[in-house]
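In terms of the working numbering, the sequence shown opens at residue 129 and continues consecutively. All residues carry an ideal CB built from backbone N, CA and C; glycine is no exception. Notes for the one structure printed next.
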Amino acid sequence: MLKDHLQKLQQHDTPLYVYDLELLRQTLAKAQSESSKYGYQVHYAFKANTNAPVLAEVKAHGFGADCVSGNEIKCAIENGFSPDHVVFAGVGKSDAEINFALDKDIFCFNCESLHELAILNELAAAKGKTARIALRINPNVNANTHKYITTGLEENKFGINAWELPEVLGQLKELENLKLTGLHFHIGSQITDLSSFKNLCTRVNEFQEWFLSHNVELEHINVGGGLGVDYYHPDEQLIPDFEAYFSLFNQFLEVKPGQQVHFELGRSLVAQCGTLVSRVLYIKHGKTTNFAILDAGMTELIRPALYQSYHKIENLSSNQPENKYDVVGPICESSDCFGKAVLLPETNRGDLIAIRTAGAYGEVMTSQYNLRDKAQVLYLNQ
Ligand SMILES: *Cc1c(COP(=O)(O)O)cnc(C)c1O
C-alpha cells in the first residue's frame, strides 16, 4: 500500500511516478508461469513503459521485446534483450528504422501492408539479407474497448485485410529477400471481455486453414496483446487473471505441430505497479463543484484527456469526511481533468493525491507542453 510509504513520499518533489517493483515482479512471475504451462512465449510491449528498472525485471523473467520503433529496438538491445527475441510492428516503419532492424537481425518484422513488404524486400536485398516476416492481419474482430484503442477492425489503419491475402501471397513469391514465418494479430488494448479473444482465436484458426490450403506452413502465430486491467478496483485485482487469459487461448486456438505461439503483453504487465503522485496546489469553489487543482496534469498522464479513461484517485494525506471534487491539472486545456465529482476526504493544499494504475502508457506519453519539467521517479522495493 502506498500509504505505508507516506513519509518517504512526503520527502519527494511532485509530480512523482512511483513504481512498486515487488508488485511488478509478482505480476511478471504469474504471467510467465501461466504462459509457460502451454509453451507460449511472451514479448513485452515496450511502448507501455521503457524505464530501465522496469525493463530489467521484464528481462529477468525471460520475456522478449515487442517494439514499434527503431528506438525501441535500440532500447531493447541496450537493455540486454537478445535480437532473437525482438519483434518489430508498426504501420509506418521508416527506411532508417528498417535498416537498423536488419542490421541487428531481429527475430521478425510484423508487416502491415503490401507496400511495406515491397520496401522491406528492397532494403533487405541491398544488404544481401533475408528478413523474417510475419503478416499482420486485420481480423475484423471487435475488441469492445474504447474506439481509440481498437485496432482490429477493417476501418482501422492496422494490418493487412483478408481480401488482400491472395495478392500478398502472389507478391511474396517474387520478394526473394523476405521469408514468411508467421502471422500476427493485435485487436486492441484494455480488453476486459475475454470473448473478444475467443473470437480472435476462431478467426486465427480460419486464417491458418486458408494458408495451409495454399501450402504455406507457419512457424509461429502471434496473437498480440490487449489484456485489460481493473482501473476501477486496482486493489481487488492487482494482478490480472493471466490464468483465464492463457487457458482461453489453449482451449480455442488450434496450434499446428511444432508451431510456436507468441503474445505481446504491455498494459497487463506494468499498469498496476505504477502510481502518479501529485500535490494539491489549490482548492477552488466553483458554482456547482469544488476543484482540487493538482501539480500534475495531462502532461504527466494524458490517458483521461486522450481516451476519456478512468483512473482511481485517492487522497493519501487526509482522513476527513468526504466531499466531491473535480480533480484537475494546471495545464491550459479544459480536457486536463483526471476525474469529475470524485469523492475524496476533505482535501487541502499540500495533500498527496495518488492516481492509480498509471504504470502503462503513463510516463512514456509525458510531454513538455507548457514547457513543463519532467516528472520525478521513485522505485519502491528495488
Ligand atoms: C500496443 C501493442 C501491444 C500491447 O498492447 P497492450 O494492450 O498494452 O497489451 C501489442 N502488440 C502491438 C502490435 C501493439 O501495438
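- Your pair PRO143 and GLU428 checks out as a contact, with CB atoms roughly 5 Å apart and the cut at 8 Å.
- Within its own chain, the residues whose Cβ lies closer than 8 Å to the Cβ of ILE288, once the five positions on either side in sequence are excluded, are CYS239, GLU240, SER241, LEU242, LEU263, ARG264, ILE265, ASN266 and VAL296, listed in chain order.
- Secondary structure note for CYS236: its beta strand (DSSP E) is the uninterrupted segment 236 to 239.
- A direct Cα-to-Cα measurement between CYS329 and PRO473 gives close to 46 Å.
- Contact between the stretch 211 to 221 and the stretch 190 to 198 is present, with at least three C-beta pairs closer than 8 Å.
- In the DSSP annotation of this structure, the continuous segment of the beta strand (DSSP E) that includes ALA262 starts and ends at 259 to 266.
- The beta carbons of GLY280 and PHE313 sit about 7 Å from each other, so the pair counts as a contact at 8 Å.
- Of the candidates VAL269, GLU185, GLY394 and VAL383, the residue whose Cα lies closest to the Cα of TYR507 is GLU185.
- For ILE234 and ALA420, the gap between their C-alpha atoms comes out near 48 Å.
- Following the DSSP letters along the chain, one finds ASN451 in no alpha helix (DSSP H) but inside the beta strand (DSSP E) bounded by residues 450 to 456.
- If you draw a straight line from the Cα of GLN299 to the Cα of GLY218, it comes to about 20 Å.
- Residue nearest to GLU442 within the set ILE319, THR416, GLN510 and VAL405 is VAL405 (criterion: CA-CA distance).
- If you compare the alpha carbons of SER495, ALA488 and HIS439 with that of ALA176, the shortest gap goes to ALA488.
- In this structure PRO458 touches ASP423 by the C-beta definition: roughly 7 Å separates them, less than 8 Å.
- Boundaries of the beta strand (DSSP E) around SER406: 402 to 413.
- Shown here, HIS140 sits in coil according to DSSP, grouped into three states, outside any helix or strand.
- In this structure, ALA486 has its CB at a distance of at least 7 Å from all heavy atoms of ligand 1.
- When beta bridges are read from the DSSP output, TYR147 appears opposite GLY402 and TYR507.
- Per DSSP, reduced to three states, the secondary structure at VAL389 is strand.
- Scanning the stretch 456 to 485 from its first residue to its last, the whole beta strand (DSSP E) runs of 3-plus residues come out as 465 to 473 and 480 to 483.
- Under the three-state reduction of DSSP output, ASP194 falls in the strand class.
- The DSSP-derived three-state label of ILE430 is coil.
- The stretch 148 to 163 and the stretch 394 to 409 touch, with no fewer than 3 CB-CB distances between them shorter than 8 Å.
- Residue pairing of ILE205 in beta bridges, as defined by DSSP: absent, with no partner found.
- Under the DSSP assignment, LYS187 falls in the alpha helix (DSSP H) whose first and last residues are 180 to 188.
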